[in-house]
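Have a look at the structure below, then the notes.
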Amino acid sequence: PTGYMENSISYSAIEDVQLLSWENAPKYCLQLTIPGGTVLLQAANSYLRDQWFHSLQWKKKIYKYKKVLSNPSRWEVVLKEIRTLVDMALTSPLQDDSIHQAPLEIVSKLLSENNNLTTQDHESIIVAIAPLLENNHPPPDLCEFFCKHCRERPRSMVVIEVFTPVVQRILKHNMDFGKCPRLRLFTQEYILALNELNAGMEVVKKFIHSMHGPTGQCPHPRVLPNLVAVCLAAIYSCYEEFINSRDNSPSLKEIRNGCQQQCDRKPNLPLRLLHTSPDLVSQEATLTESRLKPVIVTSNEIHVEVERNNTANQKMTANVGNDSEPNLIDCLMVSPTCSTMSIELSAQADRILGCYVEILKMLSDYDDWRPALASLLQPIPFPKDKCLFLSFKLLFFRELKYVIQRFAEDPRQEVHSCLLSVRAGKDGWFQLYSPGGVACDDDGELFASMVHILMGSCYKTKKFLLSLAENKLGPCMLLALRGNQTMVEILCLMLEYNIIDNNDTQLQIISTLESTDVGKRMYEQLCDRQRELKELQRKGGPTRLTLPSKSTDADLARLLSSGSFGNLENLSLAFTNVTSACAEHLIKLPSLKQLNLWSTQFGDAGLRLLSEHLTMLQVLNLCETPVTDAGLLALSSMKSLCSLNMNSTKLSADTYEDLKVFL
Numbered sequence: 001p002t003g004y005m006e007n008s009i010s011y012s013a014i015e016d017v018q019l020l021s022w023e024n025a026p027k028y029c030l031q032l033t034i035p036g037g038t039v040l041l042q043a044a045n046s047y048l049r050d051q052w053f054h055s056l057q058w059k060k061k062i063y064k065y066k067k068v069l070s071n072p073s074r075w076e077v078v079l080k081e082i083r084t085l086v087d088m089a090l091t092s093p094l095q096d097d098s099i100h101q102a103p104l105e106i107v108s109k110l111l112s113e114n115n116n117l118t119t120q121d122h123e124s125i126i127v128a129i130a131p132l133l134e135n136n137h138p139p140p141d142l143c144e145f146f147c148k149h150c151r152e153r154p155r156s157m158v159v160i161e162v163f164t165p166v167v168q169r170i171l172k173h174n175m176d177f178g179k180c181p182r183l184r185l186f187t188q189e190y191i192l193a194l195n196e197l198n199a200g201m202e203v204v205k206k207f208i209h210s211m212h213g214p215t216g217q218c219p220h221p222r223v224l225p226n227l228v229a230v231c232l233a234a235i236y237s238c239y240e241e242f243i244n245s246r247d248n249s250p251s252l253k254e255i256r257n258g259c260q261q262q263c264d265r266k267p268n269l270p271l272r273l274l275h276t277s278p279d280l281v282s283q284e285a286t287l288t289e290s291r292l293k294p295v296i297v298t299s300n301e302i303h304v305e306v307e308r309n310n311t312a313n314q315k316m317t318a319n320v321g322n323d324s325e326p327n328l329i330d331c332l333m334v335s336p337t338c339s340t341m342s343i344e345l346s347a348q349a350d351r352i353l354g355c356y357v358e359i360l361k362m363l364s365d366y367d368d369w370r371p372a373l374a375s376l377l378q379p380i381p382f383p384k385d386k387c388l389f390l391s392f393k394l395l396f397f398r399e400l401k402y403v404i405q406r407f408a409e410d411p412r413q414e415v416h417s418c419l420l421s422v423r424a425g426k427d428g429w430f431q432l433y434s435p436g437g438v439a440c441d442d443d444g445e446l447f448a449s450m451v452h453i454l455m456g457s458c459y460k461t462k463k464f465l466l467s468l469a470e471n472k473l474g475p476c477m478l479l480a481l482r483g484n485q486t487m488v489e490i491l492c493l494m495l496e497y498n499i500i501d502n503n504d505t506q507l508q509i510i511s512t513l514e515s516t517d518v519g520k521r522m523y524e525q526l527c528d529r530q531r532e533l534k535e536l537q538r539k540g541g542p543t544r545l546t547l548p549s550k551s552t553d554a555d556l557a558r559l560l561s562s563g564s565f566g567n568l569e570n571l572s573l574a575f576t577n578v579t580s581a582c583a584e585h586l587i588k589l590p591s592l593k594q595l596n597l598w599s600t601q602f603g604d605a606g607l608r609l610l611s612e613h614l615t616m617l618q619v620l621n622l623c624e625t626p627v628t629d630a631g632l633l634a635l636s637s638m639k640s641l642c643s644l645n646m647n648s649t650k651l652s653a654d655t656y657e658d659l660k661v662f663l
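Following the UniProt record's numbering, the numbering of the sequence shown begins with 1 at its first residue and continues without gaps.
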């Protein structure tokens, strides 16, 4: 018969596959031997025929190995068959992901159905399939098997010799752990296994260095995001095990045990700290001692110590008849009877957290990774659950402070700008580590460092100072009172830019400045500048002024200090050598309406300053200046601007369209 086959042939029914090679045989044909006879398959060309031939052979052998390995009798024979299967996959001319994935899935199913294997059998199987793992991710069930081996045998040589290249490939090539969470869990267990070795974190440090490479620039862009995802997920999962999560999501332990469905999980048990009763409340209200004996409450592996003072809790009294019990955040934020609290994890949990936080510290030490790391951590990686958030404050912040300090010391704007919140109305690292913030434990030293680096960059603006005045004026004054030079400068700038409207607050700031030698000196300099500014802005002087070419910032400052320029409306600095530093002098010209900066070195920082102070400016020429989109977008607040020349700048099309809307 010729034409299409009316009935399909199962791969398991094929007894043999051969290429027709006898004389006068039909071209490009395959001969399939089946129980009822033979079938000839004719391809269009030799390439397609060979592809069919190898594919059919592959399918036939795969069914054979599935049948053999589904009912293992002797493990010596099984191990030999696995090695043969791996060799077949490696030598196959077919180029397809399933060629290597199919043997891994067969072995994975074999391991999941046989739980009575010895450790030696485990290691032998892992070594046998190691060649397939060099270019392929392990399937989910096999990842579970690897996780178990890392937990039970962390010091095994298999972890170092076999798992290391597998984890390296995962970190280099994985694009989304959300699609394959078992890969992330395997990576977490592998890192913990390295930490269990004698050298401990030194081995982990060498592994991180191997992922970065010996050069100053890591050649693999996915390594850092994957490492950060692994660390944060491990910290989350660890806290889910020790603090009863309220969203009923599977914890790390549940995922390890294969519990995926909500119906398979036990209901969450709330973290119970206090059992309010009338006797307890009346006892607290009548006690005359200054402080009671600490009350110890244990919940699984969390040890909570709550000290009570002699103040009666009115809210607890009001809720005596209520069946609901106060949670952890209620005890801290609502109840005045809870004065101090500490959460202590077990030694194993603390070691796990310390390992992953230490990795974040290592990542922050690489200069090329620091900008991306700061960007990844800018949205503070904490869940919304307040109970869990408090735990992060007590344990996570303590160690993460080193990473934030590294961000605050980095002079690059793309790094230290990530200390600020990612959007308005949301706290950032700057707020959390400021005095009064939940993470501040150093009397504002880190806060002062962050303010110093931010003020030294393009953030020396009214908006930043106004935010400090509204939210952190008290801490700034306290640090200035202790002689912190950065905070003294902040207070002087608030007075100079008229940030503070209240007269009493201004007098308090002046008193704070005059209480220290550095503050007194800087306040005297401020008064001198104010007198010069008053003289500069006095009515009179020219209405138009042009500086000679090659003039510098110092020349402009010297010129503006020589008389009154209260009437100056048109200033041309074209073809001079002025930079953004001259903006400090330009903002003192109250009547300036036209400014020509053609072919100067005036940049983004200067534009930000002009946009906040020169509200009367109508004409601005930025032709052939090094300004970028970051600075040009600040001009959107200058509503009086009528003419703006941005020829030969780094203006993008998107920024141009945005400016057209605002101007």
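Even for Gly, the Cβ is constructed at its ideal location relative to N, Cα and C.
Could you tell me the distance, in whole angstroms, from the CA atom of residue 664 to the CA atom of Pro181? Residue numbering for the chain in the displayed model covers 1 to 663; residue 664 lies beyond these limits and cannot be assessed.
What do you reckon, are the CB atoms on Glu624 and Ser643 nearer than 7 Å? It is not a contact, given that the beta carbons lie outside the stated cut-off.
Judging by CA-CA distance, which residue of Thr552, Glu399 and Leu556 is the nearest neighbour of Leu545? Among Thr552, Glu399 and Leu556, the Cα nearest to that of Leu545 belongs to Leu556.
Just checking, does the segment 113-130 make contact with the segment 87-99 on the three C-beta pairs under 8 Å criterion? Taking 8 Å as the limit for Cβ pairs, the verdict is that the segment 87-99 does not touch the segment 113-130.
8 Å CB neighbourhood of Gln506 in its chain, flanking five on each side removed: Result list for Gln506: Leu495 and Ile500, in chain order.
Does the contact criterion of 3 or more C-beta pairs under 8 Å hold for the segment 140-154 versus the segment 192-207? Verdict: yes, contact present.
I need the DSSP call for Gln378, collapsed to helix, strand or coil. In the structure shown, Gln378 sits in coil (DSSP, three-state: anything other than H, G, I, E or B).
For Asn71, name the three-state secondary structure that DSSP assigns. Three-state result, Asn71: coil.
Using 8 Å as the Cβ pair cut-off and three pairs as the minimum, do the segment 568-586 and the segment 509-522 touch? The segment 568-586, when compared against the segment 509-522, does not touch it at the 8 Å Cβ threshold.
Please list, in chain order, all residues of the same chain as Ser652 whose beta carbon is under 7 Å from its beta carbon, the five residues on each side excluded. Within its own chain, the residues whose Cβ lies closer than 7 Å to the Cβ of Ser652, once the five positions on either side in sequence are excluded, are Asp629, listed in chain order.
Separation of Leu20 from Gln42, as counted between CA atoms: When rounded, the separation of the alpha-carbon atoms in Gln42 and Leu20 is 10 Å.
In terms of DSSP beta bridges, what is Ser572 paired with? Under DSSP, Ser572 takes part in a beta bridge, and its partners are Thr546 and Asn596.
Would the segment 134-147 count as touching the segment 172-186 if we require 3 or more Cβ pairs under 8 Å? Judged by Cβ distances under 8 Å, the segment 134-147 makes contact with the segment 172-186, as three or more pairs qualify.
One question on the structure: do Ser564 and Gly603 come within less than 7 Å of each other, judged by their Cβ atoms? Not closer than 7 Å, so no.
Might you give, ordered along the chain, the residues of its own chain that have their beta carbon closer than 6 Å to the beta carbon of Ser282, omitting 5 neighbours on each side? Note on Ser282: pLDDT 38, under 50, position unreliable in the model; the coordinate value appears next. Counting only Cβ-Cβ distances below 6 Å, and skipping sequence neighbours, we find nothing.
Start and end residues, alpha helix (DSSP H) containing Ile453: According to the DSSP assignment, Ile453 belongs to the alpha helix (DSSP H) that extends over Glu445 to Met455.
In the DSSP output, which residue or residues are listed as bridge partners for Gln42? BP columns for Gln42 point to Cys29.
Could you give the residue range of the alpha helix (DSSP H) that holds Gln168? It spans Thr164 to His173 - the alpha helix (DSSP H) in which Gln168 sits, taken as one unbroken run.
Between Leu609, Gln378 and Leu533, which lies nearest to Thr461 when the distance is taken from Cα to Cα? Comparing alpha carbon positions, the residue from Leu609, Gln378 and Leu533 closest to Thr461 is Leu609.
Start-to-end residues for the beta strand (DSSP E) that takes in Leu536: Counting along the chain, Leu536 sits inside no beta strand (DSSP E); it lies in the alpha helix (DSSP H) bounded by residues Asp517 to Leu536.
In this structure, does DSSP put residue 671 in helix, strand or coil? For the chain, the structure presents residues 1 to 663; residue 671 sits outside this window and is missing.
Bridge partner(s) assigned by DSSP for Gly37: Gly37 pairs with Ile34.
Output the distance between the C-alpha atoms of Leu90 and His100, rounded to the nearest integer angstrom. Leu90 and His100 have their C-alpha atoms spaced approximately 8 Å apart.
So Phe396 packs on Ile208, CB below 8 Å; how close in whole Å? Contact between Phe396 and Ile208 does not hold, since the beta-carbon distance rounds to 19 Å and is not under 8 Å.
Does DSSP put Asn645 in a helix, a strand or coil? In the three-state reduction of the DSSP assignment, Asn645 falls in the strand class.
Taking the alpha-carbon positions, what's the Gly428 to Ala372 distance? Between the alpha carbons of Gly428 and Ala372 lies a distance of about 16 Å.
Return the first residue and the last residue of the beta strand (DSSP E) that Leu117 is part of. Run containing Leu117: none; DSSP gives neither H nor E here.
Alpha carbon to alpha carbon, what distance is there between Leu607 and Leu632? Leu632 and Leu607 have their C-alpha atoms roughly 7 Å apart.
Span of the beta strand (DSSP E), counted from its first residue to its last, around Gln601: The continuous stretches of beta strand (DSSP E) do not include Gln601, and DSSP gives it neither H nor E.
Run through the DSSP bridge pairs and tell me what Leu620 is partnered with. As a beta-bridge residue in DSSP terms, Leu620 pairs with Leu595 and Leu644.
For Thr84, which three-state DSSP category applies? In the structure shown, Thr84 sits in a helix (DSSP, three-state: H, G or I).
Anyone know if the C-beta pair for Ser124 and Leu79 falls short of 7 Å? Result yes, Cβ atoms of Ser124 and Leu79 sit closer than 7 Å.
If we count the other Cβ atoms within 10 Å of its Cβ and call it buried at 16 or more, is Thr576 buried or exposed? The residue is buried, with at least 16 neighbouring Cβ atoms inside 10 Å.
Roughly how many angstroms separate the alpha carbons of Thr486 and Ala448, rounded to a whole number? Rounded to the nearest angstrom, the two C-alpha atoms are 7 Å apart.
Report buried or exposed for Met5, applying the criterion of at least 16 other Cβ atoms within 10 angstroms of its Cβ. Answer is exposed; the Cβ neighbour count stays below 16.
Whole angstroms is fine: what's the gap from Ala605's alpha carbon to Ser562's? When rounded, the distance between both Cα atoms is 26 Å.
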